[in-house]
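59 is the number of the first residue of the sequence shown in the working numbering; add one for each residue after it. Glycine is no exception: its CB is placed at the ideal position from the N, C-alpha and C atoms. Below is one structure, written out as structure tokens; comments come after it.
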Amino acid sequence: ARQMQRLVPHFAEHGYRVWNCNPDSRLDVFPHLPLTEAIRRSLKNFPPTDFPEPTAGLYQREEGANDSMDQGLETTATIAMSGAGLRRVDRSKRSVATRLKPLGEGEVEPPGDSGLVIMSDEESEWLLPWFASRFQRYHPTLPVCLFDLGMSDEALHWARQQGWETRAKTWDDAFGAAWFHKPLAIESSPYTNILFLDLDCEVRSALHDALRWCQGGVVLGQDLHPPNAYGKLFRRDHFYNSGLIAVRRDHPVVALWRDSVRELHRVLPGDQEILNLTIQEHEIPVLVLPEHYHQLRLAGDHPEARVMHWTGQAGKRVIRDSLESLQ
């Protein structure tokens, strides 16, 4: 700390400002500033560029990460439940997590005006028939809305033959990766109660209870394998996967997440990291799915999994192998 104290005037002399973004750090030489605000200030005077995002490849998104679709902060929204802004908050109190209890497999009907939201571009559309065969087995009557992020005409025609509603994106945002469109798709959904699934999710049971649960808040499953780079930022038991989300369209987290994605998509590698940062900074309560409900590949397959999420390139190989075995 003393050595750092001696460096402070040297930083200032050369026009540098140094912040400490770890809320639990005992190093008080540098003033605390939440990470999102530090990023916002740092990038404020930077012109837009077409350079690749600086964290590309840093988080092993291709081989080991729980990515969203397996490709390559201050906001105007109001937090009704807390009114929290960007400020220093004890990590242990940033988000209240309530563990849900199963309501019974296939025994619960979804509330009215409920539906599934998915999205695809041409690179991920090969997953659609595999995904549909699993999902429709347990949800033959649940409406589906597919957002077209650049699909082929053939794939769109196939989707419409399934009885799905297809929508072109109505927003102008151009992100480097498709997964960043997730909060905008949820916000633009035709349904009030939304179940969102990544296309690499293998549905093994009815998920109507998730749509019931979202009447009380945002429903997410824990991700117990976050990248090591986030050890200082998120507690292991307060990091959530964005591959399965149940939420009402008007829940404040949707608008907050959307605004954060627009601001941070060049800085953080995926929608999931930005969602977790949004939940943490705004102290948004989370309804946590029962254990094994949403099972991630890195946690291993499990017989009680309602959804088996085949993340990363290794997961896609499992899916391809299963498709080849049927041919």
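Residue from the options whose Cα sits closest to the Cα of residue i
| i | options | result |
| --- | --- | --- |
| Glu-341 | Val-276, Tyr-351 and Lys-227 | Val-276 |
| Val-346 | Leu-381, Ala-313, Ile-377 and Ala-304 | Ala-304 |
| Phe-205 | Leu-85, Leu-174 and Gly-234 | Leu-174 |
| Gln-273 | Asn-334, Leu-381, Gly-328 and Leu-158 | Leu-158 |
| Arg-375 | Thr-156, Val-87, Arg-75 and Trp-188 | Trp-188 |
| Leu-269 | Tyr-196, Leu-253, Met-62 and Asp-329 | Leu-253 |
| Arg-306 | His-296, Glu-382, Asp-230 and Leu-278 | Leu-278 |
Residue i and residue j closer than 7 Å at C-beta
| i | j | result |
| --- | --- | --- |
| Thr-224 | Leu-214 | yes |
| Ile-337 | Leu-322 | no |
| Pro-285 | Val-154 | no |
| Leu-185 | Leu-85 | no |
| Leu-255 | Leu-302 | yes |
| His-360 | His-350 | yes |
| Thr-156 | Glu-339 | no |
Contact belief for residue i with residue j at Cβ below 8 Å, rounded distance in angstroms
| i | j | result |
| --- | --- | --- |
| Ser-263 | Arg-364 | 4 Å |
| Met-366 | Glu-260 | 4 Å |
| Asp-317 | Asn-299 | At roughly 21 Å, the Cβ-Cβ gap does not stay under 8 Å, so Asp-317 and Asn-299 are not in contact. |
Cβ neighbours of residue i in the same chain (closer than 8 Å, five flanking residues each side left out)
| i | result |
| --- | --- |
| Leu-207 | Met-177, Ser-178, Asp-179, Lys-227, Ala-236 and His-239 |
| Gln-220 | Ala-190, Gln-194 and Val-202 |
| Phe-109 | Any reading at Phe-109 is ruled out, since the residue's pLDDT is 39, under 50, leaving its predicted position unreliable. |
| Ala-96 | Trp-77 and Cys-79 |
| Ser-380 | Trp-188 |
| Gly-373 | Asp-128, Asp-258, Arg-355 and His-367 |
Pairwise C-alpha distance: residue j and residue i
| i | j | result |
| --- | --- | --- |
| Leu-161 | Ala-190 | 24 Å |
| Leu-91 | Cys-79 | 5 Å |
| Asp-308 | Glu-245 | 8 Å |
| Phe-233 | Ser-182 | 16 Å |
| Arg-64 | Pro-81 | 22 Å |
| Val-319 | Gln-330 | 10 Å |
| Val-87 | Arg-99 | 19 Å |
| Val-66 | Pro-310 | 40 Å |
| Ser-383 | Ile-377 | 10 Å |
Spatial neighbours of residue i in its chain, beta-carbon cut-off 6 Å, leaving aside the 5 residues before and after
| i | result |
| --- | --- |
| Gln-118 | At Gln-118, the pLDDT of 39 sits below 50, so the modelled position is not reliable; the number obtained from the coordinates is stated separately. The answer is none, since no qualifying residue turns up. |
| Ser-210 | Glu-180 |
Other residues of its chain near residue i: CB distance less than 7 Å, five sequence neighbours each side excluded
| i | result |
| --- | --- |
| His-266 | Val-166, Glu-167 and Pro-168 |
| Asp-171 | Tyr-249, Thr-250 and Asn-251 |
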